[in-house]
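Q:
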Amino acid sequence: QDKLVSVEDSINQELPQVEMPTPPRKWFETIKISGYVQSRYNGLFETNPDLAVEQMDKNWGADKGLSLRRVRVKVSGWIHEKVYMYIQGDFAGEFSLKDAYMDLYLDDNKSLWVRAGQSKVPFGYENMQSSQHRLPLDRSDAINSALKNERDMMAVLYYTPEPAREVYKYLKANNLKHSGNYGAFALGAFNGQTANKKDENDNLHTVVRASYPFQFANDQIMELSVHAYTGKYVTTSVSEGVGVSDASGERIADDANGYNFIDRRVGATFVWYPQPIGFQAEYNYGEGPEYDGATNTIKVQDLHGAYAMVMGKFDIGHHTFFPFTRYIYYDGGKKFELDARSYEVNDLEIGIEWQPHKAFELVAMYVFADRRYDDSASSFNDGVYTPNYQAGNILRLQAQINF
Amino acid sequence: QDKLVSVEDSINQELPQVEMPTPPRKWFETIKISGYVQSRYNGLFETNPDLAVEQMDKNWGADKGLSLRRVRVKVSGWIHEKVYMYIQGDFAGEFSLKDAYMDLYLDDNKSLWVRAGQSKVPFGYENMQSSQHRLPLDRSDAINSALKNERDMMAVLYYTPEPAREVYKYLKANNLKHSGNYGAFALGAFNGQTANKKDENDNLHTVVRASYPFQFANDQIMELSVHAYTGKYVTTSVSEGVGVSDASGERIADDANGYNFIDRRVGATFVWYPQPIGFQAEYNYGEGPEYDGATNTIKVQDLHGAYAMVMGKFDIGHHTFFPFTRYIYYDGGKKFELDARSYEVNDLEIGIEWQPHKAFELVAMYVFADRRYDDSASSFNDGVYTPNYQAGNILRLQAQINF
Amino acid sequence: QDKLVSVEDSINQELPQVEMPTPPRKWFETIKISGYVQSRYNGLFETNPDLAVEQMDKNWGADKGLSLRRVRVKVSGWIHEKVYMYIQGDFAGEFSLKDAYMDLYLDDNKSLWVRAGQSKVPFGYENMQSSQHRLPLDRSDAINSALKNERDMMAVLYYTPEPAREVYKYLKANNLKHSGNYGAFALGAFNGQTANKKDENDNLHTVVRASYPFQFANDQIMELSVHAYTGKYVTTSVSEGVGVSDASGERIADDANGYNFIDRRVGATFVWYPQPIGFQAEYNYGEGPEYDGATNTIKVQDLHGAYAMVMGKFDIGHHTFFPFTRYIYYDGGKKFELDARSYEVNDLEIGIEWQPHKAFELVAMYVFADRRYDDSASSFNDGVYTPNYQAGNILRLQAQINF
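Protein chains in written order, with this note's numbering: chain A, 31 to 433; chain B, 31 to 433; chain C, 31 to 433.
1) When you compare only the Cα positions, how much space is there between B/LYS178 and B/GLN85?
2) Quick one: which unbroken alpha helix (DSSP H) runs of 4-plus residues sit fully inside the stretch 184-262 of chain C? Chain order, please.
3) Look up B/THR355 in the DSSP assignment and say whether it is helix, strand or coil.
4) Please tell me whether B/SER255 has its Cβ less than 8 Å away from any Cβ of chain C.
5) For the stretch 93-113 of chain A, enumerate the residues whose C-beta is nearer than 8 Å to any C-beta of chain C, in chain order.
6) By DSSP, does A/TYR278 sit in helix, in strand, or in coil?
7) Grab the span of the alpha helix (DSSP H) containing C/ASP171 for me, first residue to last.
8) Could you say if the stretch 182-200 of chain B and the stretch 91-101 of chain B meet the contact criterion of at least three C-beta pairs nearer than 8 Å?
9) Please work out which residues of its chain come closer than 6 Å, Cβ to Cβ, to A/ASP322, disregarding the five sequence neighbours upstream and downstream, and give them in chain order.
10) Give the straight-line distance between the Cα atoms of C/HIS349 and B/ARG426, rounded to the nearest whole angstrom.
11) Could you list which residues in chain B have their beta carbon closer than 7 Å to that of C/TRP434, in chain order?
12) Use the C-beta contact count for A/PHE246: other C-beta atoms within 10 angstroms, 16 or more gives buried, fewer gives exposed.
13) Could you work out which residues of chain B lie near C/ASN226, taking near to mean beta carbons separated by less than 8 Å?
14) Rounded to whole angstroms, what is the Cα-Cα separation between A/SER241 and A/GLN118?
15) With distances taken between CB atoms, is the gap from C/ILE346 to C/ALA389 smaller than 8 Å?
16) Could you check what DSSP says for C/GLU180 in three-state terms: helix, strand or coil?
17) Just reading off the beta strand (DSSP E) that A/ALA407 is part of, what are its end residues?
18) Per DSSP, what are the beta-bridge partners of C/GLU270 in this structure?
19) Just the chain A side, please: which residues come within less than 8 Å of B/GLN19 by C-beta, in chain order?
20) Which first and last residues belong to the alpha helix (DSSP H) in which C/TRP90 is found?
21) May I have the straight-line CA-CA distance separating B/TYR396 from B/GLY65, to the nearest angstrom?
22) Quick one: give me the first and last residue of the beta strand (DSSP E) that C/GLU383 is part of.
23) Using a Cβ-Cβ cut-off of 8 Å, state whether A/GLU44 counts as contacting chain B.
24) Using a Cβ cut-off of 8 Å, pull out every chain C residue sitting near B/ASN89, in sequence order please.
25) Rounding to the nearest angstrom, what Cα-Cα distance links C/GLU391 and A/ALA286 in this structure?
26) Tell me which residues share the same chain as C/ASN231 and place their Cβ nearer than 7 Å to its Cβ, disregarding the 5 neighbours each side in the sequence.
27) Less than 8 Å between C-beta atoms, sequence neighbours within five positions excluded: which residues of the same chain meet that for B/ASN89?
28) Between which residues of its own chain and B/MET115 is the CB-CB distance below 7 Å, once the five residues before and five after are set aside?
29) Of all Cβ atoms in chain A, is any one closer than 8 Å to the Cβ of B/ALA216?
30) For B/GLY73, return the contacting residues in chain C, with the cut-off set at a CB-CB distance below 9 Å.
31) In the DSSP output, which residue or residues are listed as bridge partners for B/GLU391?
32) Given a threshold of 16 other Cβ atoms within 10 Å of its Cβ, counted over all protein chains shown, does B/TYR212 qualify as buried or as exposed?
33) Looking only at C-alpha atoms, which of A/VAL340, A/SER175, A/ASP332 sits nearest to A/GLY381?
34) Whole angstroms are fine: how far does the CA of B/LEU368 sit from the CA of B/ALA82?
35) If I follow the unbroken beta strand (DSSP E) through B/PHE344, where does it start and stop?
36) Kindly say whether B/ILE117, judged by its beta-carbon, lies nearer than 8 Å to any beta-carbon of chain D.
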């Protein structure tokens, strides 16, 4: 052993220290491929095949059998010390681009950055959270009606101080299904016509958001958020004969196609993370284009909506279970659907997610849905408006893999 | 040298054994990107430009010149000890999803697994075999008419015992162009409307298959397979005026669009692998929707079809040559084409595949085609039905790269 | 230290030399994922919202706001010692395939190769140069009107001798934004209907190109190129009522849809690379289908076009700046646009590209555009032809990331 020590000493003390040049990074050390896949079965115990939920899941309603809801592949990476890039596409049948943006960091400790490209508009909490992490199968109409696919072309300035980033790391490390870091403070501009659509006016929407996670001495975390956006939305999917009316109900244009409507909302979020019992609620209020059956026109109307969810997180051996129940309310239009379709939603969901492994998840969710949705085609016939009410229950299953 | 040995001994015997923690796997160690590309030239010695083969190659007929038949990219990998994922897309011009599934293994030696998502329906041998490995350029109408793109949304239970898996390994190692492991036994359910289509009824198709490779003492291998499926198919591509008639020829509906038709088949396969001479044949029989020119309706009719192929495998230096000749017969409908188009096919092919290297293949194939294919648009005019017979010869070339 | 040396000697001299087998290459050592993303803002100081430039940027004109011009992902690699493969797709909203080809090298030092598949047709310099490297935001109408998307299905023989390849390496190493190696000499055949379109006739286009970079003793480089193609183009996007007329103006067909038109050009390029001041110019002349407003027909007409650009390259610290100004002239048709739209273009551009890092670039470009573009829909009304002249200025911004 002495000899060995002497050899070691020789190596450590007497050989000259050679400075090895860092080899250039290989492409696979710079960028990373990842993603997830969601398969669903919406065919169990459906009580009303006429109840469809277009924005949330095209394969809900009328026995749509097995379906792929999301096939996501992402390419992302730090292409420079201060530049991060992220491209995400959905390949479920046809291709549609989700994200293509870059983050340009403005300070050395990565608190302040500009994001440019197609990305999520920082409005709401649920919209920010990835579908990979959300417990209920779909986002709520209340919040998601603000932004179809949650995204738009935009430029946003984000700021997140160090303490908030530490809490985000804790949330991630503890599998608490966070929304990700979309800034403790965000201020930005976006086209306003939602993702993969070209802008239709010379008016950019503006958005502002403040969100902060407070961690208490017992490790419990409460996140509070307020957010708002404003702009003009141009309707581009309009049935023949649908005009525009003003607040008094006066018809002011005969064709709503290409018309500029006020589009603005303000909202707030409260989240108590499930350690082991959590609570999550959001509310938003605003105004925007909405179909009016009485006059067969689109007009600017008030909208408001909310959801509240109670959820748990229980580890049993290697397995994690997340039971949850959520109630959704929404009264307003969906500007991006046919005739800025008018909605009244009262849904209750009860479900559970089972994670046997981080690569694999199963969700079962029973839904009690009660909905009115009106556009000219569904609800206006021979000059008479008949509201289109649909109610029904269904058991929905989802298997998800993460890679 | 004594000193060296003493140092080695010191290291081996006296230093404490340190347990190195396994570093987490990098993304590129878990998942793998691979694929293949097929370029074709269908412009040589074509005798009948009116002869088109819609399902097999859209660029066959009327001098379609150079074309890309398949541009495939796959992302696959073991995302967990017992979970394998596989995503494959085709990028030839436009994107279409091929596979997006996961395999969940139920036992420790990987004999039994559930596959869920979009994948190949286990019916037939040729349908299972990748186009990357098939000798003729396209699948036969006889078998492929069962399932356009071979795939559907499904959940299937597979079982393959150890001895069969050993034979599959032998087939792969010896470049014998196997179908891959789709189970010695398979039992499953699928939507029934083929890949990337939503389900149209509350009826799932069911499928069952048994297939076994017998390897003899002289290493020769014979594979036998039987398979069947049943369900109801809903026609969604129907010309105006095309109704539905029953077995007696009575018109029972004026619009075949959305109609539920019986759709079922039973088939068998025999394969003798080419060491160096092989033989492959498949037959299937069943009933399903088929256009009837006499009444301009779609009705449930019998269908049957078969192909037989003789092929060789010859290694000359680094090069491998696979000469082959195949005869195809089919009499029945193609449920997924316009008006469940009616077919009578008699094709003979003679060709050779040349593999100078595993990354690169060339195929030349001369085809004698004799086909009748009728739909309302092509064959029904002013109340008169005229069968659409097309016969012709053509030389087809294909270059393939594998990565 | 003596002991150490003796140990080292023992290792080096007395232990048998073990030949380690080369481990097989991993997939990520064979193929590589790379790409780039271009985000634009065309909404500043626009003087004429009616001025659109369909081929170059669909989001130019009428306040199209923020947009993604290109989201490119490539998979490429040496899949064999002598076979290189390259697949590139564009994912900006929808997917479209750009390249899918293989290079098969015919000699040992990689001077001579055949490229087969979808790739750029070797006509012009600007068409060969990647948009990742070009200084102005879009290619010129003068050259790019020859080939929409620059690509087609083809088989081309390329030859580049060693000295030329050395100059290309110098150009790349010095960030001189070269076109890449498309052969000092190229000879090929292509379908003629541009990328992702099927061929429409039994006539392949042929193309020939010679291009050589001369490097002088002071390292200055001059590249000269001549190129030509000929074939028949079939118009497939034709307004109702648009016929075909011959050279004398005689109407010879009532429907120009599916008609075979002469389509041929010859061109030349001069490039002096910016060390630090450069100059680049191209000219081409030919004939092809072009809309004729007087007769509301498409007829074969002469076309010619050119551009000239002066550019600089200045390194300031880690930053590189490329100021440039370009003038474009084109008088002729665009065979692939509606009615082989007739163009007269006089554009002047002044801009600058700023490269703070190789992963990130910013371009600002001010455009003075003066254009006539006529098709039957825009310019022929009630039997009267009125030329559609549009002139206007705009400031355009682009951010690009490379990975």
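Cβ atoms here follow ideal geometry from the backbone N, Cα and C, with glycine treated the same way.
Since this is a predicted model, take the numbers as computed values, not measurements.
A: With the given structure in hand:
1) The residue you call residue 178 of chain B lines up with position 148 of the second sequence. The residue you call residue 85 of chain B lines up with position 55 of the second sequence. B/LYS178 and B/GLN85: Cα-Cα distance of roughly 7 Å.
2) DSSP assignment within the stretch 184-262 of chain C yields the following whole alpha helix (DSSP H) runs of 4 residues or more, N-terminal first: 192-203.
3) On the second sequence, residue 355 of chain B is found 325 positions in, with the first residue counted as 1. Looking at B/THR355 - three-state DSSP - the assignment turns out to be strand.
4) Within the second sequence, the letter at position 225 stands for residue 255 of chain B. No, no contact with chain C.
5) VAL105, GLY107, ILE109, HIS110, VAL113
6) One-based indexing of the first sequence puts residue 278 of chain A at position 248. The sequence shown places Ser at residue 278 of chain A, rather than the Tyr named in the question. In this structure, A/SER278 counts as coil in the three-state DSSP scheme.
7) Taking the first residue of the third sequence as 1, we reach residue 171 of chain C at position 141. DSSP places C/ASP171 inside the alpha helix (DSSP H), whose first and last residues are 171-174.
8) no
9) Residue mapping note: residue 322 of chain A aligns to position 292 of the first sequence, counting from 1. The residues are LYS329.
10) Looking up residue 349 of chain C in the third sequence gives position 319. Looking up residue 426 of chain B in the second sequence gives position 396. For C/HIS349 and B/ARG426, the distance between alpha carbons rounds to 54 Å.
11) There is no way to answer for residue 434 of chain C, as the model of chain C reaches only from 31 to 433.
12) Mapped onto the first sequence, residue 246 of chain A falls at position 216. Flag for A/PHE246 reads exposed.
13) The residue labelled residue 226 of chain C in the question sits at position 196 within the third sequence. Under the 8 Å cutoff, chain B gives GLY123, GLU124.
14) To locate residue 241 of chain A, count along the first sequence from 1; it is residue 211. To locate residue 118 of chain A, count along the first sequence from 1; it is residue 88. Spanning the two alpha carbons is a distance of roughly 25 Å.
15) Taking the third sequence and counting its residues from 1, one reaches residue 346 of chain C at position 316. Taking the third sequence and counting its residues from 1, one reaches residue 389 of chain C at position 359. Not closer than 8 Å, so no.
16) As a working mapping, residue 180 of chain C is identified with position 150 in the third sequence. In the structure shown, C/GLU180 sits in a helix (DSSP, three-state: H, G or I).
17) Taking the first sequence and counting its residues from 1, one reaches residue 407 of chain A at position 377. Annotation: A/ALA407 is outside any beta strand (DSSP E); the continuous alpha helix (DSSP H) that includes it extends over 406-409.
18) Here residue 270 of chain C is taken as the residue at index 240 of the third sequence, counted from 1. Answer by DSSP bridge pairing: none, since C/GLU270 is not bridged.
19) Only positions 31 to 433 of chain B appear in this structure, which leaves residue 19 of chain B out of reach.
20) For the purposes of this step, residue 90 of chain C is taken as the residue at position 60 of the third sequence. Element bounds for C/TRP90: n/a, residue is neither H nor E.
21) Position 366 of the second sequence, counted from the start, is the residue given in the question as residue 396 of chain B. Position 35 of the second sequence, counted from the start, is the residue given in the question as residue 65 of chain B. Using only the alpha carbons, I get a separation of about 27 Å.
22) The residue you call residue 383 of chain C lines up with position 353 of the third sequence. That run of the beta strand (DSSP E) goes 372-387.
23) The residue labelled residue 44 of chain A in the question sits at position 14 within the first sequence. Unreliable placement is indicated for A/GLU44, whose pLDDT of 49 sits below 50; the coordinate value is still reported in the next sentence. It does not: the Cβ of A/GLU44 has no partner Cβ on chain B nearer than 8 Å.
24) Position 59 of the second sequence, counting from 1, holds the residue named residue 89 of chain B. Here the neighbours are LYS228, ASP229.
25) Looking up residue 391 of chain C in the third sequence gives position 361. Looking up residue 286 of chain A in the first sequence gives position 256. The alpha-carbon atoms of C/GLU391 and A/ALA286 are separated by roughly 41 Å.
26) To locate residue 231 of chain C, count along the third sequence from 1; it is residue 201. Taken in chain order, the residues that qualify are LYS262, VAL264, ASN290.
27) Reading the second sequence from its first residue, position 59 is the one you call residue 89 of chain B. Around B/ASN89, the same chain offers ARG70, ASN72, GLY95, SER97, ARG99 as residues with beta carbons nearer than 8 Å, after the five sequence neighbours per side are excluded.
28) Position 85 of the second sequence holds residue 115 of chain B. Excluding sequence neighbours, B/MET115 sits near SER106, GLY107, ILE109, MET132.
29) Mapped onto the second sequence, residue 216 of chain B falls at position 186. Not one chain A Cβ lies under 8 Å of B/ALA216.
30) What you label residue 73 of chain B is simply residue 43 of the second sequence in a count that begins at 1. In chain order: ASP229, ASP232, LEU234.
31) Residue 391 of chain B sits at position 361 when you count from the first residue of the second sequence. The partner list for B/GLU391 (beta bridge, DSSP) reads B/GLN430.
32) Taking the second sequence and counting its residues from 1, one reaches residue 212 of chain B at position 182. Its Cβ being crowded by 16 or more others within 10 Å, B/TYR212 is buried.
33) Reading the first sequence from its first residue, position 351 is the one you call residue 381 of chain A. Looking at the Cα atoms, A/VAL340 is the closest of the given residues.
34) Position 52 of the second sequence, counting from 1, holds the residue named residue 82 of chain B. Position 338 of the second sequence, counting from 1, holds the residue named residue 368 of chain B. Cα to Cα, B/ALA82 sits roughly 14 Å from B/LEU368.
35) Residue 344 of chain B sits at position 314 when you count from the first residue of the second sequence. Run containing B/PHE344: 344-346, per the beta strand (DSSP E) assignment.
36) Looking for chain D here will not work: the only protein chains present are A, B and C.
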